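K.L.:
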Amino acid sequence: MSSSPTPRALGEALDSAKPYVLSLFRIVVGLLFFCHGASSLLGWFGGMMGTGKTVEAGTWPGWYAAVIQLVGGALVMLGVGSRSAAFISSGSMAYAYFHEHQPEKLWPIQNGGEPAAMFCWALLLIVFTGPGPWALDRIFGSARASESAPEARREPSRV
10 MSSSPTPRAL GEALDSAKPY VLSLFRIVVG LLFFCHGASS LLGWFGGMMG TGKTVEAGTW
70 PGWYAAVIQL VGGALVMLGV GSRSAAFISS GSMAYAYFHE HQPEKLWPIQ NGGEPAAMFC
130 WALLLIVFTG PGPWALDRIF GSARASESAP EARREPSRV
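Heads up: the sequence shown runs through residues 10 to 168, numbered per the working numbering.
In structure tokens:
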């Protein structure tokens, strides 16, 4: 007769997978953010909002947002300077939400700002959690990445 895993064993298994799940989260968020920039800046994936067009070079704020999405998304996805890239990218999405969406209506569901709000918070989470073990900075031994690794810092004892 096989026994079911205990809540403690399940918790330990989930905790051991946490760094890898955070890496997967970072990769997916970075890829999706990159795709937004690529569609607006390069016309990939149907172009800007599915129109087949690209944002006009140098226009504020659309062109600059697309550059941040393309470059920031690639850096976050690859795990190169992830925290800095995620911080700048998160800030750009906060600006997009409060400047472009929120003045229309209060709630993201009403003003079309759900992607901006979700990217803002997802990228901010990456700022605080770090890139995880599957990041180029970690794989190629960036000293800065290993110093800022959450697992390298001592956790307070749990009572």
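Ideal placement from N, C-alpha and C gives every residue a C-beta, glycine not left out. Just so you know, these numbers come straight off a predicted model, no measurement behind them.
What is the rounded straight-line gap between the Cα of Lys27 and the Cα of Gly81?
P.N.:
Distance between the alpha carbons of Lys27 and Gly81: 23 angstroms.
K.L.:
Let me know the secondary structure DSSP gives Glu123 once reduced to three states.
P.N.:
It is helical.
K.L.:
Helix, strand or coil, according to DSSP, for Ser12 in the structure here?
P.N.:
Of the three classes helix, strand and coil, the one that applies to Ser12 here is coil, per DSSP.
K.L.:
Which residues in the same chain have their Cβ closer than 6 angstroms to the Cβ of Pro117, if we skip the five residues on either side of it in sequence?
P.N.:
Around Pro117: Glu123 and Ala126.
K.L.:
Below 6 angstroms CB to CB, which residues in the same chain sit around Thr60 once its five sequence neighbours on both sides are set aside?
P.N.:
Counting only Cβ-Cβ distances below 6 angstroms, and skipping sequence neighbours, we find nothing.
K.L.:
Report the three-state DSSP secondary structure of Gly61 (helix, strand or coil).
P.N.:
Looking at Gly61 - three-state DSSP - the assignment turns out to be coil, as it is neither helix nor strand.
K.L.:
Under DSSP, the alpha helix (DSSP H) around Leu145 begins and ends at which residues?
P.N.:
Start and end: Leu145 to Ile148.
K.L.:
Are the beta-carbon atoms of Gly150 and Val85 separated by less than 8 angstroms?
P.N.:
No, Cβ-Cβ distance for Gly150 and Val85 is not below 8 angstroms.
K.L.:
Counting along the chain, where does the alpha helix (DSSP H) carrying Phe96 start and finish?
P.N.:
Note, Phe96: alpha helix (DSSP H), Ser91 to Tyr104.
K.L.:
Measuring CB to CB, does Arg92 end up less than 8 angstroms from Gly20?
P.N.:
No, they are not a contact pair.
K.L.:
Assuming the contact rule is C-beta atoms closer than 8 angstroms, Ser101 and Ala74 should be a hit. Round their C-beta distance to whole Å, please.
P.N.:
About 6 angstroms separates the two Cβ atoms, so the contact holds.
K.L.:
Taking the CB atoms as reference points, tell me whether Leu50 and Leu87 lie closer together than 8 angstroms.
P.N.:
Their beta carbons are not under 8 angstroms apart, which means Leu50 does not touch Leu87 by this criterion.
K.L.:
Around the C-beta of Gly67, are 16 or more other C-beta atoms found within 10 angstroms, so that it is buried, or is it exposed?
P.N.:
So Gly67 counts as exposed.
K.L.:
Since Lys1 contacts Gly71 with CB under 8 angstroms, what's their CB separation in whole angstroms?
P.N.:
A query on residue 1 cannot be resolved here, the shown segment of the chain reaching from 10 to 168 and no further.
K.L.:
Taking the Cβ atom as the reference point for each residue, do Leu132 and Ala95 lie within a distance shorter than 8 angstroms?
P.N.:
Yes; because the gap between Cβ atoms is below 8 angstroms, this pair is in contact.
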